[in-house]
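Just so you know, the sequence shown maps onto residues 5 to 356 in our numbering. Glycine included, every Cβ here is placed at the ideal spot set by N, Cα and C. What you are looking at is a predicted structure, and each value in this text was computed from that prediction instead of being measured.
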Amino acid sequence: MSFADRLDVPIVGGLPFEKRERAALAAEAEATIAQGSKSFAAAARLFDPEMRVSALMLYAWCRHCDDVVDDQILGFRQPGRRDRAGDRARLDELEAKTLAAVRGRSTGEAPFDAIGDVALRHELPESLLTAHLEGFRMDVDGRVYEVIEDTLDYCYRVAGVVGVMMARVMGIRVENGSKFDLTLTLDRACDLGMAFQLTNIARDIVDDGEAGRVYVPKTWLDAAGVPGSAIHHPRNREAAAVFALRLLDLAEPYYASASKGLAALPPRAAWAVATALGVYREIGTVIRRRGSQAWDDRSSTSAATKFLHAFKGVGWTMGSRVSSRRGVRPPELWTRPRLLELGDAPTTGLSA
Numbered sequence: 005m006s007f008a009d010r011l012d013v014p015i016v017g018g019l020p021f022e023k024r025e026r027a028a029l030a031a032e033a034e035a036t037i038a039q040g041s042k043s044f045a046a047a048a049r050l051f052d053p054e055m056r057v058s059a060l061m062l063y064a065w066c067r068h069c070d071d072v073v074d075d076q077i078l079g080f081r082q083p084g085r086r087d088r089a090g091d092r093a094r095l096d097e098l099e100a101k102t103l104a105a106v107r108g109r110s111t112g113e114a115p116f117d118a119i120g121d122v123a124l125r126h127e128l129p130e131s132l133l134t135a136h137l138e139g140f141r142m143d144v145d146g147r148v149y150e151v152i153e154d155t156l157d158y159c160y161r162v163a164g165v166v167g168v169m170m171a172r173v174m175g176i177r178v179e180n181g182s183k184f185d186l187t188l189t190l191d192r193a194c195d196l197g198m199a200f201q202l203t204n205i206a207r208d209i210v211d212d213g214e215a216g217r218v219y220v221p222k223t224w225l226d227a228a229g230v231p232g233s234a235i236h237h238p239r240n241r242e243a244a245a246v247f248a249l250r251l252l253d254l255a256e257p258y259y260a261s262a263s264k265g266l267a268a269l270p271p272r273a274a275w276a277v278a279t280a281l282g283v284y285r286e287i288g289t290v291i292r293r294r295g296s297q298a299w300d301d302r303s304s305t306s307a308a309t310k311f312l313h314a315f316k317g318v319g320w321t322m323g324s325r326v327s328s329r330r331g332v333r334p335p336e337l338w339t340r341p342r343l344l345e346l347g348d349a350p351t352t353g354l355s356a
């Protein structure tokens, strides 16, 4: 019997929730996202109302788990560090409450009730949720990333799998009576999450290093003569800039692959995704431009830039409708584990 099965969590009304309860959870999720991720909040406004609610609730759970494990409030690290045993206990509790919620039990806590509603409403496999939590376990265990493939494995668990879940929430479009290839579409969605996380790692090299977390592969560090424990030190800013550029270069083919998945999404979902892609990729452009000064303050994008990418997203979405729907995903890209293949069934009424 799992920890979640032993957890004494009462079933309050059952999941998924009715409209009023769901609206209350969505409002709380929206407030959280507005403070914790302005880029996602901006893109989420472009979803249709129902899809937006599910997307916000899914993201709110992801943010809550990240904050609890990483000792943050809305994405900003707090002073001091927790002990590793305490971190593991908190992660175990996150997993227990998450599994309880996705099995239909209300926990009475907004982030878990939110993910329970979304998982049941959109038939998200537990394997996707536990894969995401496994990424946090890598952080808690202090995993050392020896080679870039190790870093990409981490990127998949903390972000790529979120892209897969988001795509399942959005649904796969049917065109001329024929549905798009679901497995390939989910691969493209995973690619977007991978690109986002590689950009995150580049942006947060110094902050993460100060917290004792190093996602730059050890082989890169050794070749540059930079100890992982000193990656955040001011004397290593030039080296950090080189690492960031390599990570951003690595992200580019994932962004390109993800853009080819827009055609498979409903129009407003494609618009939101295209906007998020443009905004996040712009963060990488800012980091490139600032070089070794990229960590003097947090690299971000302005409201005007977000609006510009929303405008460009319209063109991307329209273009995806007229360009060829076929395309081969580059074989050299890291590919999500196929052990999740059984969970790749359509989950909304958009495809059967």
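- Contact between the region 190 to 208 and the region 162 to 177 is present: three or more C-beta pairs spanning the two stretches fall below 8 Å.
- Its chain contains ALA193, CYS194, LEU196, GLY197 as the residues whose beta carbon lies nearer than 6 Å to that of GLY167, once the 5 sequence neighbours on both sides are disregarded; these appear in chain order.
- Within the model, the alpha-carbon separation for THR339 versus GLU32 is close to 34 Å.
- An exposed status is given to ASP52, since fewer than 16 other beta-carbon atoms sit within 10 Å of its beta-carbon.
- Nearest C-alpha to GLU54 among GLY108, VAL122, ALA93, VAL72: VAL122.
- Under the three-state reduction of DSSP, PHE247 is assigned to helix.
- A residue is called buried when at least 16 other Cβ atoms come within 10 angstroms of its Cβ; GLN201 meets this threshold and is buried.
- Below 8 Å, enough C-beta pairs join the region 65 to 76 and the region 114 to 128 to call them touching: three or more.
- With a beta-carbon spacing of about 6 Å, VAL73 and VAL144 fall inside the 8 Å limit used to define contacts.
- For GLU153, the uninterrupted alpha helix (DSSP H) segment begins and ends at 152 to 159.
- Excluding residues up to 5 positions away in sequence, ALA248, LEU251, LEU252, ILE291 lie with their Cβ nearer than 6 Å to the Cβ of ALA206 in the same chain.
- If you look at PRO271, you'll find it in the alpha helix (DSSP H) that goes 271 to 294.
- Between the C-alpha atoms of LEU281 and MET322 there is a straight-line separation of about 15 Å.
- Of the other Cβ atoms in all chains shown, 16 or more fall within 10 Å of the Cβ of ALA267; this residue is therefore buried.
- Sixteen is the threshold: when 16 or more other Cβ atoms of the shown chains lie within 10 Å of the Cβ of ASP212, as they do, the residue is buried.
- THR155 and VAL230 have their alpha carbons spaced roughly 17 Å apart.
- For GLY319, the enclosing alpha helix (DSSP H) has its first and last residue at 307 to 326.
- Distances from the alpha-carbon of GLU138 to those of PHE44, ALA45, ALA114, CYS69 put CYS69 closest.
- Excluding residues up to 5 positions away in sequence, THR305, THR309, HIS313 lie with their Cβ nearer than 7 Å to the Cβ of GLU286 in the same chain.
- Going by beta carbons, ALA274 and SER324 fall inside the 8 Å limit.
- Looking at the backbone, the Cα of VAL332 and that of ARG239 are separated by about 43 Å.
- Within the region 183 to 209, complete alpha helix (DSSP H) segments of at least 4 residues are found at 186 to 207, given in chain order.
- In the DSSP assignment, LEU60 falls within the alpha helix (DSSP H) that extends over 53 to 74.
- Cβ neighbours of GLY295 within its own chain (closer than 7 Å, five residues either side excluded): ALA245.
- Under the three-state reduction of DSSP output, ILE119 falls in the helix class.
- Distance between GLY90 and GLU97, taken at the CA atoms: about 11 Å.
- When only Cα atoms are considered, TRP320 and LYS264 end up about 10 Å apart.
- SER233 is classed as exposed because its beta carbon has fewer than 16 other beta carbons within 10 Å across all chains shown.
- Within its own chain, the residues whose Cβ lies closer than 6 Å to the Cβ of ALA255, once the five positions on either side in sequence are excluded, are ALA199, LEU202, THR203, listed in chain order.
- In the structure shown, SER131 adopts helical secondary structure according to DSSP, grouped into three states.
- Using a 10 angstroms sphere on the CB of PRO270, the tally of other CB atoms reaches 16 or more, which defines it as buried.
- Judged by beta-carbon spacing, ALA171 lies beyond the 8 Å limit of LEU188, meaning their Cβ atoms are not closer than that value.
- Within the same chain, and ignoring the five residues on either side of TRP224 in sequence, the residues whose Cβ sits closer than 8 Å to its Cβ are ILE152, PHE247, ARG250.
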